[in-house]
Ligand code: ACM
Ligand code: ZN
């Protein structure tokens with residue numbers, strides 16, 4: 002029997018008997034033998050029973066039950082036993098390049114929770130804007146939250162910016178908590194910091210004035226890793242951010258930090274000598290470790306993008322976000338017991354066109370990288386699907402980029418490999434369209450999900466016009482996982 006439950010439960014068996022007419026009030030039973038996020042549902046002609054061991058498991062059971070309900074409101078007889086494959090199932094939203102309103106963010110969160118995602122990674126600081134209200138460092142808002150024009154190639158030349166008020170952030174964090182979603186804020190450092198440097202230029206190596214960026218890319222002006230004042234600033238800033246975000250984990254970036262400024266900076270070189278660091282990558286590791294140590298003192302744990310592993314000295318408790326691991330450092334880290342989040346650029350980045358990252362490519366991707374031992378496999382803690390917004394200004398576009406690909410990642414994060422079937426996923430994803438629409442989320446038309454052959458290339462070229470990069474072409478040419 003076909004159903005529209007997504008993610009596909011670990012075990013589902015339709016049984017004989019007359020359906021239970023709706024609305025039906027399930028009997029809820031506590032069962033300590035079930036895993037924390039797991040649950041069991043039994044629908045028999047005499048009624049519906051949910052078993053669970055935590056409120057979160059009960060929440061997921063209710064999501065499943067609402068998807069089990071037939072069009073006439075009744076519930077078919079079935080036995081479901083369910084629990085997630087991965088403990089960490091995340092979506093990342095970039096609110097630095099373009100902001101979304103709190104209401105839009107809540108809509109996104111609401112549907113992610115429906116598909117049993119449990120972490121919201123919120124990217125709140127980048128070259129193009131700092132987005133958290135700061136009382137401690139007011140220039141971050143006065144200067145760093147606004148760029149002189151919309152940028153990213155937009156013809157709109159008006160000033161762009163803003164930031165989330167502390168009360169708005171607290172409201173989003175509690176909205177997430179009600180849906181069993183943790184919120185991990187990201188303050189990217191030492192790179193992607195031109196908005197911070199525009200506000201406080203003394204934090205850079207050269208101390209020259211810069212402005213919040215209006216272009217996409219990777220920029221040379223980064224935080225100086227040689228100044229104790231810079232580390233102190235970052236720690237004070239994170240103290241203020243942590244007051245808003247109760248979760249234990251804090252993402253401190255660590256991606257795409259070019260080293261030219263450090264190579265020409267006496268203070269950076271002094272720090273290297275003093276700390277016996279033999280490379281500028283090691284200087285980045287030292288910088289990340291100093292920030293991670295501050296977080297540790299507060300009872301928190303740092304998350305960092307995989308580039309920070311190039312230092313060879315990143316503290317072992319730092320969780321690593323694997324987005325572009327050319328040197329295969331992530332499997333080695335996992336094999337040594339380090340926690341890794343799978344969020345591969347070529348498969349899980351939602352901001353790239355369907356012609357580059359078709360739904361099937363997302364769905365059939367194995368989140369476990371090659372080279373893992375059995376011990377290492379257990380240290381891939383889960384999946385995350387990032388959505389960057391350089392070229393996504395409005396929420397409707399954002400939704401059509403995210404859906405159904407976010408659903409594909411949600412299912413791969415929850416359902417065991419053997420329960421994943423692409424054709425069936427497509428059918429169930431399409432069946433979500435009415436409920437997504439009712440939540441104000443427009444899903445991409447199905448005809449665009451898997452462009453093939455010449456059509457795919459045509460769509461890719463049309464999307465990028467003259468801006469197709471080597472990386473994108475490389476991704477396009479990668480063999481599709483058929
Ligand atoms: C990243 O995409 N720079 C993490
Ligand atoms: Zn420096």
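Numbering (my numbering), first residue to last: 2 to 483.
The C-beta atom is built at its ideal place from N, Cα and C for all residues, glycine as well.
Residue 219 vs residue 257 beta-carbon contact at 7 Å
yes
Looking at residue 359: is its Cβ nearer than 7 Å to the Cβ of residue 343?
no
Do the region 181-190 and the region 242-261 meet, that is, are 3 or more Cβ pairs less than 8 Å apart?
yes
Can you tell me whether residue 470 is helix, strand or coil according to DSSP?
coil
For residue 317 and residue 399, the rounded distance between their alpha carbons:
35 Å
Measuring only the C-alpha atoms, how far is residue 55 from residue 178?
14 Å
How many angstroms separate the CA atom of residue 2 from the CA atom of residue 15?
7 Å
For the region 416-425 against the region 371-381, do three or more pairs of beta-carbon atoms, one drawn from each stretch, fall closer than 8 Å, so that the two count as touching?
no
Considering only C-alpha positions, which residue in the set 298, 301, 297, 329 is nearest to residue 309?
329
Measure the C-alpha to C-alpha separation of residue 393 and residue 203 and round it to an integer number of angstroms.
32 Å
Where in the region 250-326 do unbroken runs of the beta strand (DSSP E), each at least 3 residues long, occur, reported from the N-terminal end onward?
250-254, 302-306, 320-323
Residue 101 versus residue 279 - alpha carbon distance:
42 Å
Taking all protein chains shown into account, do 16 or more other C-beta atoms lie within 10 angstroms of the C-beta of residue 157, making it buried, or fewer, making it exposed?
exposed
Quick check: what's the CA-CA separation for residue 4 versus residue 134?
45 Å
State the Cα-Cα distance for the pair residue 428 and residue 333, rounded to the nearest angstrom.
38 Å
Report yes if the C-beta of residue 52 is less than 6 Å from at least one heavy atom of ligand 2; otherwise report no.
no
If contact is defined by three or more beta carbon pairs under 8 Å, each pair taking one atom from either stretch, is the region 41-55 in contact with the region 111-130?
no
As a quick exercise: from 397, 64, 458, 306, pick the residue whose alpha carbon is nearest that of residue 441.
397
Taking a cut-off of 7 Å, which residues have a beta-carbon closer than that to any heavy atom of ligand 2, in chain order?
206, 225, 226, 227, 228, 262, 263, 266, 268, 269
Closer than 8 Å is the cut-off here; do at least three beta carbon pairs connect the region 122-131 with the region 70-85?
no
With DSSP run on the structure shown, which of helix, strand or coil describes residue 414?
helix
Using a Cβ cut-off of 7 Å (strictly closer), state whether residue 125 contacts chain C.
No chain C is part of this structure, which consists of one protein chain only.
I'd like the list of long-range same chain contacts for residue 319, defined as Cβ closer than 6 Å, with 5 residues on each side in sequence excluded.
293, 303, 305
Compute the Euclidean distance between the alpha carbons of residue 365 and residue 459, then round it to the nearest angstrom.
23 Å
Just how far apart, CA to CA, sit residue 481 and residue 340?
Only weak support exists for where residue 481 lies, its pLDDT of 49 falling under 50; the value from the coordinates is given anyway. Looking at the two C-alpha atoms, the distance is approximately 28 Å.
For residue 287 and residue 311, what's the separation of their Cα atoms in angstroms?
11 Å
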